[in-house]
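Chains G and W, in that order, give the protein sequences.
Take my numbering: the final residue in the first sequence is number 459, and no numbers are missing along the way.
Take my numbering: the final residue in the second sequence is number 190, and no numbers are missing along the way.
Ideal Cβ positions, reconstructed from N, Cα and C, are used throughout, including at glycine.
Inspection log for the structure reproduced underneath, given as C-alpha cells.
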Amino acid sequence: MSEQSPKERRIILKYADDPAYSNRIDCYLRVGGYQNLKKAFAMKPEEVGEEVLKSGVRGRGGAGFPAGMKWKFLDRKSGKPIYLICNADESEPGTFKDRQIMYKDPHQLIEGMMISAYAIGASQAFIYIRAEFHEGARILNRAISEAKDKGFCGNNILGSDFSCDLVVHRGAGAYICGEETGLIESLEGKRPNPRIKPPYFPAVLGLYQCPTIVNNVETLCNVRHIIEMGGEEFSKIGKPNNTGTRIWCVSGQVMKPGYYEFECGALTLGQMIFDVCGGLRPGRSLKAVIPGGSSAKVLRADERFSGTLKDGTAFDWGLGDIPLDFDGPMSAGSMSGSGGIIVMDDTVDIVQAMANINAFYAHESCGQCTPCREGSLWMRKITQRMCSGGARKEDADLLLSVAKQIEGRTICAFGEAAAWPTQSFVTKFKDDFINKASETAENRDPKSLQLI
Amino acid sequence: MSATVKMENLLKLSAETLAKIDEVVPKYPQKRSAALMVIHLVQDELGAVDDTACEWIAKRLELQPINIKELITFYPMLRENPWGRKHVRVCRTLPCALRGSYGTCKTFEKMLGVKEGHVREDGEYSLEFMECLADCGQGPVVIVDEKTYENIEGERATKFAELLLDGKLDGVEEFKSYEDSLNQQIPKQ
Chain G
8 MSEQSPKERR IILKYADDPA YSNRIDCYLR VGGYQNLKKA FAMKPEEVGE EVLKSGVRGR
68 GGAGFPAGMK WKFLDRKSGK PIYLICNADE SEPGTFKDRQ IMYKDPHQLI EGMMISAYAI
128 GASQAFIYIR AEFHEGARIL NRAISEAKDK GFCGNNILGS DFSCDLVVHR GAGAYICGEE
188 TGLIESLEGK RPNPRIKPPY FPAVLGLYQC PTIVNNVETL CNVRHIIEMG GEEFSKIGKP
248 NNTGTRIWCV SGQVMKPGYY EFECGALTLG QMIFDVCGGL RPGRSLKAVI PGGSSAKVLR
308 ADERFSGTLK DGTAFDWGLG DIPLDFDGPM SAGSMSGSGG IIVMDDTVDI VQAMANINAF
368 YAHESCGQCT PCREGSLWMR KITQRMCSGG ARKEDADLLL SVAKQIEGRT ICAFGEAAAW
428 PTQSFVTKFK DDFINKASET AENRDPKSLQ LI
Chain W
2 MSATVKMENL LKLSAETLAK IDEVVPKYPQ KRSAALMVIH LVQDELGAVD DTACEWIAKR
62 LELQPINIKE LITFYPMLRE NPWGRKHVRV CRTLPCALRG SYGTCKTFEK MLGVKEGHVR
122 EDGEYSLEFM ECLADCGQGP VVIVDEKTYE NIEGERATKF AELLLDGKLD GVEEFKSYED
182 SLNQQIPKQ
C-alpha cells in the first residue's frame with residue numbers, strides 16, 4: 008500500500024486504502040455505490056454518452072484518446088450486437104494502478120461498466136484481465152455475482168428491460184494483449200496478433216467483426232464519476248483538455264515509490280519526485296526519468312524543453328517543471344502514457360537500463376511484423392553484448408539505425424513502443440553508449456546495479 | 002487419433018474441472034473464445050497442456066488441435082511441461098531491476114538449487130524470471146504460486162527463501178502477501 012500524500016485528490020481511489028472499507032458490495036453500497044447506475048438508467052443512453060463527451064475524459068490506458076469520441080465512432084446502424092470490453096491487461100512496465108482498483112474497489116469498475124454498456128447499447132461485456140492477477144479475477148467474479156444478486160448486472164438491470172452480462176476473461180502473460188485489436192483476437196481464442204488498420208477503431212469492426220468499445224479500467228471507473236458530477240462539472244477538474252484526476256505510478260529509485268492520484272496538472276514532475284515521493288536516496292542525484300511507462304521516451308535530468316503549448320503560450324521547462332497531465336510530457340517530447348513514472352538516479356548504468364528495456368520488447372513482440380520481430384531481437388542482442396564487455400563505438404549508431412527501421416513499419420504501435428526507448432536513450436545519452444566501448448573491469452562504476 | 006475416440010478415454014480430468022469447463026464455455030457467444038479459459042482450467046489441474054490435452058480441448062471446443070497448440074506455444078504462462086510443485090516467479094523488468102531483482106533471482110537460484118527458467122531435479126521448485134508483474138511500486142516483486150510478495154531484495158530475499166524452503170512462509174507478518182493484506186470481509190452492520 009502507498010502512503011497517501013496529503014495533497015492528493017482521490018476520486019477513483021477514494022476508498023481503496025480506507026481500513027474500514029473492503030471489496031465487498033455492502034461497503035460499496037454504504038458509500039453511495041450503484042446510485043449512479045440508477046441515475047444513468049433514468050437518462051437516455053445518448054444522454055449518458057453526451058455527458059462522457061462533455062467531460063472530456065481521455066483514455067487512461069496509454070494513448071489518451073477522448074473516451075466520449077471513441078464511443079461516437081460506434082457503428083450503431085449495422086444491426087450487429089455491440090460489445091464492451093474492459094482492458095485490464097495492465098502490463099506496461101511501471102504501471103500498477105488498475106490493480107489497486109480491481110483488488111480493492113471492484114464494484115466501482117462494475118458500476119462504470121454497466122453505465123457504459125447502457126450508453127453504448129452493449130448486452131455483453133468482458134473484463135480482459137492479465138493472468139498474473141489470479142486473486143483479482145476471483146475478486147471480480149465474486150463482485151459480479153454480488154452485483155447480479157442485487158440486480159445491478161446481468162438480466163433486467165434495476166428491473167428495466169436492459170440486460171448486460173459481464174464475463175471475466177483471463178489472459179496468459181502476453182503484453183501484446185494490451186493492444187486493443189490484439190486483445191480482441193485473444194478474446195476470440197486466437198493468437199493475439201494485432202489487426203491491420205483501417206478500420207482504426209474496433210468501434211466499427213471489433214469482436215467477431217461487430218462494433219466493440221475497448222476502454223481501460225480507470226477510464227471506465229471515471230464514467231461512474233462523470234454521471235455523478237455531470238460531464239460539465241467533471242470537466243472542471245484538472246485543466247482544459249486534461250480533465251479529471253490521474254493515478255500516477257512512481258517506481259524506481261525514489262524514497263517513497265507508489266500510486267498517487269492527483270488532479271491533472273496539479274503538480275509538476277519535480278514536485279512528484281522530490282515532494283510527494285520523498286526525493287532520491289541520500290547522496291544521490293537524478294539521472295533520468297521515463298514519464299509514461301517503459302514505451303515512453305526517456306527524459307534526461309539536465310535537459311531543457313522549450314516550445315509553444317497548444318494554447319499558444321511559450322514554455323521553457325527543466326525536467327522538474329513538466330506539468331503532470333496528458334499534454335505536459337507530450338510537449339516535452341515524450342508522453343504520459345499509462346502514468347508509469349520510472350525514476351533512475353546516478354548509480355544507473357544507462358546502457359544496462361536500455362538493455363533491460365530491450366529484453367522486455369524482444370520477449371513481448373508478437374512476431375507478426377518482420378521489422379519489429381527482428382529489430383527488437385537485434386536491439387536486445389546488441390545492448391546485451393555491450394553490457395557483457397563487447398561494446399564498440401559504432402554500436403550507438405547501429406542501434407539508432409535498427410530502431411529507425413522499426414518505427415512506422417508495423418501493424419500496431421508496439422513497433423514505436425519498442426523503438427522509442429532506444430531512439431531516446433541513445434540520442435540523449437550518446438556519450439554513455441560510446442564510452443561503454445572503453446569500459447573495463449577496472450574502470451566500471453562499482454555502485455552500478457545489475458540490470459541485465 | 003480417430004474422431005470416434007470418446008472424450009473420457011482421451012484425457013482424465015476431475016469432475017470439478019469438467020464442471021467448471023461446462024460452466025465457462027456457454028458464457029461466450031462463440032465456443033472458440035473460451036479456449037484460454039479452458040486451457041487455464043486444464044493446466045491448473047494437470048500442470049501442463051500436452052498434445053493429448055490439446056486434442057481433448059480442441060474436441061471440446063469443436064476446433065483443430067493446432068488451434069490450441071498455437072496458443073500454448075505463444076502465451077508465456079501456458080505450458081507444455083509442468084513447473085515444479087512450488088513455482089517461484091521474480092519480476093525482471095526495469096522498475097523491479099532498479100530495486101535489485103537480478104540479485105533476488107541469483108539468491109533464489111543458489112538457495113532453491115535451481116537455475117532460472119528450470120525445474121529442480123526433484124520437481125519441488127521451479128524458478129522463472131518474468132516480465133513486469135504490475136506491482137512496480139513495491140519491487141522487487143515475487144509471486145509464489147498465486148501469491149504476490151513485495152520488496153523481496155537483499156537480506157529479505159535470503160530470509161524469504163529460507164522460510165519458503167522450510168515451508169513456513171504462510172503467516173509470517175513481515176512477508177504478508179499483497180493478496181493477504183487486502184480487506185475482503187463483509188462489513189459488520
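Cβ-Cβ distance between residue i and residue j below 7 Å
i         : j         : result
Gly39(G)  : Gly344(G) : no
Ala150(G) : Ile122(G) : no
Ala23(G)  : Asp112(G) : yes
Thr226(G) : Gly66(G)  : yes
Met351(G) : Ala295(G) : yes
Gly382(G) : Met342(G) : no
Asp136(W) : Val145(W) : no
Pro73(G)  : Thr94(W)  : no
Gly138(W) : Phe103(G) : yes
Ile108(G) : Tyr135(G) : no
Val39(W)  : Ile67(W)  : no
Leu183(W) : Tyr267(G) : no
Ala54(W)  : Gly196(G) : no
Cys89(G)  : Gly56(G)  : The question names Cys, yet the displayed sequence has Ile at residue 89(G). No, the pair does not count as a contact, with Cβ atoms beyond the cut-off.
Cys228(G) : Ile32(G)  : no
Ala410(G) : Thr429(G) : yes
Option nearest residue i by Cα separation, candidates the options
i         : options                                    : result
Tyr29(W)  : Arg149(G), Gly314(G), Leu173(G)            : Leu173(G)
Ile349(G) : Gly185(G), Ile164(G), Gly277(G)            : Gly277(G)
Gly172(W) : Gln185(W), Lys189(W), His119(W), Lys148(W) : Lys148(W)
Ser292(G) : Met262(G), Ser167(G), Arg202(G)            : Met262(G)
Arg61(W)  : Ala162(W), Phe109(W), Glu180(W), Val26(W)  : Val26(W)
Thr252(G) : Glu187(G), Gly63(G), Ala47(G)              : Gly63(G)
Gln359(G) : Pro199(G), Thr102(G), Ile244(G), Gly396(G) : Gly396(G)
Ala444(G) : Lys294(G), Glu225(G), Asp352(G), Thr390(G) : Thr390(G)
Gly237(G) : Leu91(G), Glu58(G), His370(G), Glu195(G)   : Glu58(G)
Lys79(G)  : Lys246(G), Val211(G), Trp255(G), Gln412(G) : Val211(G)
Pro247(G) : Cys271(G), Tyr267(G), Ile280(G), Ile233(G) : Cys271(G)
Gly374(G) : Ile357(G), Ile418(G), Pro336(G), Leu331(G) : Ile418(G)
Gly124(W) : Val89(W), Ser182(W), Glu24(W)              : Val89(W)
Leu12(W)  : Gln31(W), Val50(W), Tyr150(W)              : Val50(W)
Ile459(G) : Arg17(G), Lys388(G), Met120(G), Glu268(G)  : Lys388(G)
Val175(G) : Ser152(G), Lys87(G), Pro289(G)             : Ser152(G)
Ser130(G) : Gly86(G), Leu36(G), Lys243(G)              : Gly86(G)
For residue i, three-class secondary structure by DSSP
i         : result
Lys204(G) : coil
Met351(G) : strand
Ile297(G) : strand
Ser395(G) : helix
Tyr215(G) : helix
Met8(W)   : helix
Cys228(G) : helix
Asp323(G) : strand
Lys246(G) : strand
Glu371(G) : helix
Ser313(G) : strand
Ser3(W)   : Its pLDDT being 49, under 50, Ser3(W) is placed unreliably in this model, and the value from its coordinates should be taken loosely. Reduced to three states, the DSSP call for Ser3(W) is coil.
Tyr267(G) : strand
Ser258(G) : strand
Chain-ordered chain C contacts of residue i [CB-CB under 9 Å]
i         : result
Lys111(G) : Reference to chain C is not applicable here, since the protein chains of this structure are G and W.
Under 8 Å, CB to CB, which of the residues in the segment 125 to 137 of chain G have a partner in chain W? Taking 8 Å as the Cβ-Cβ cut-off against chain W, the residues of the segment 125 to 137 of chain G that qualify are Gln131, Arg137.
Minimum length 4: unbroken alpha helix (DSSP H) runs contained in the segment 29 to 60 of chain W: Annotation note: the segment 29 to 60 of chain W contains the following uninterrupted alpha helix (DSSP H) runs of length 4 or greater, listed N- to C-terminal: 36 to 47.
Against chain W: residues of the segment 83 to 106 of chain G by CB proximity under 8 Å: So the list reads Pro88, Glu97, Ser98, Glu99, Pro100, Gly101, Thr102, Phe103, Asp105, Arg106, given in the order they occur along the chain.
Mind listing, in chain order, the continuous alpha helix (DSSP H) runs of no fewer than 4 residues lying wholly within the segment 121 to 166 of chain W? Every alpha helix (DSSP H) stretch that sits fully inside the segment 121 to 166 of chain W and reaches 4 residues is listed by chain position as 155 to 166.
Relative to chain W, which residues along the segment 355 to 376 of chain G have a C-beta separation below 9 Å, given in chain order? If the cut-off is 9 Å between Cβ atoms, the segment 355 to 376 of chain G has Val355, Gln359, Ala360, Asn363, Ile364, Ala366, Phe367, His370, Glu371, Cys373, Gly374 near chain W.
Which runs of the alpha helix (DSSP H), 4 residues or longer, sit entirely within the segment 398 to 451 of chain G? You should have 402 to 411, 421 to 435, 437 to 442.
By the 7 Å beta-carbon criterion, what residues does the segment 159 to 180 of chain W contribute toward chain G? For the segment 159 to 180 of chain W, the set of positions with a beta-carbon nearer than 7 Å to some beta-carbon of chain G reads Glu180 in chain order.
Any chance you could list the beta strand (DSSP E) runs of at least 3 consecutive residues sitting entirely within the segment 111 to 180 of chain G, in chain order? Runs of the beta strand (DSSP E) inside the segment 111 to 180 of chain G: 131 to 136, 172 to 177.
Residues in the segment 39 to 66 of chain W with C-beta within 7 Å of chain G's C-beta atoms, listed in sequence order? Against chain G - using a Cβ distance shorter than 7 Å - the residues of the segment 39 to 66 of chain W are His41.
Which residues, in order along the segment 89 to 103 of chain W, keep a beta-carbon less than 7 Å from a beta-carbon of chain G? Residues Thr94, Leu95, Pro96, Ala98, Leu99, Gly101, Tyr103.
What are the residues in the segment 20 to 46 of chain G lying within 8 Å of chain W by C-beta distance? The segment 20 to 46 of chain G vs chain W, Cβ under 8 Å: Pro26, Ala27, Tyr28, Ser29, Asn30, Arg31, Asp33, Cys34, Arg37.
So if I threshold CB-CB distances at 8 Å, which residues from the segment 176 to 207 of chain G count as touching chain W? Near chain W, meaning a CB-to-CB distance below 8 Å, the residues of the segment 176 to 207 of chain G are His176, Arg177, Gly178, Ala179, Gly180, Ala181, Tyr182, Ser193, Leu194, Glu195, Gly196, Lys197, Arg198, Pro199.
Can you give, in chain order, each stretch of the alpha helix (DSSP H) that sits fully within the segment 56 to 107 of chain W and has at least 4 residues? Restricting attention to alpha helix (DSSP H) runs no shorter than 4 residues, the segment 56 to 107 of chain W encloses them at 66 to 73, 95 to 98, ordered along the chain.
If you measure beta-carbon to beta-carbon, which residues of the segment 114 to 142 of chain W are closer than 8 Å to chain G? Of all residues in the segment 114 to 142 of chain W, those with a C-beta nearer than 8 Å to a C-beta of chain G are Met131, Glu132, Cys133, Leu134, Ala135, Asp136, Cys137, Gly138, Gln139, Gly140, reading in chain order.
Taking any Cβ of chain W, which residues in the segment 135 to 164 of chain G have a Cβ under 8 Å from it, in chain order? Those residues of the segment 135 to 164 of chain G that come within reach of chain W (Cβ to Cβ, closer than 8 Å) are Arg137, Ala138, Glu139, Phe140, His141, Glu142, Ile146.
Short of 8 Å Cβ to Cβ, which residues in the segment 243 to 260 of chain G face chain W? Per Cβ criterion, the list reads Cys256, Val257, Ser258, Gly259, Gln260.
Tell me which residues of the segment 282 to 304 of chain G have at least one Cβ-Cβ distance to chain W shorter than 9 Å, keeping chain order. Correct list: Ile297, Ser301.
The segment 70 to 81 of chain W: which residues have C-beta closer than 8 Å to a C-beta of chain G, in chain order? Residues of the segment 70 to 81 of chain W with a C-beta less than 8 Å from any C-beta of chain G: Glu71, Leu72, Phe75, Tyr76, Pro77, Met78, Leu79, listed in chain order.
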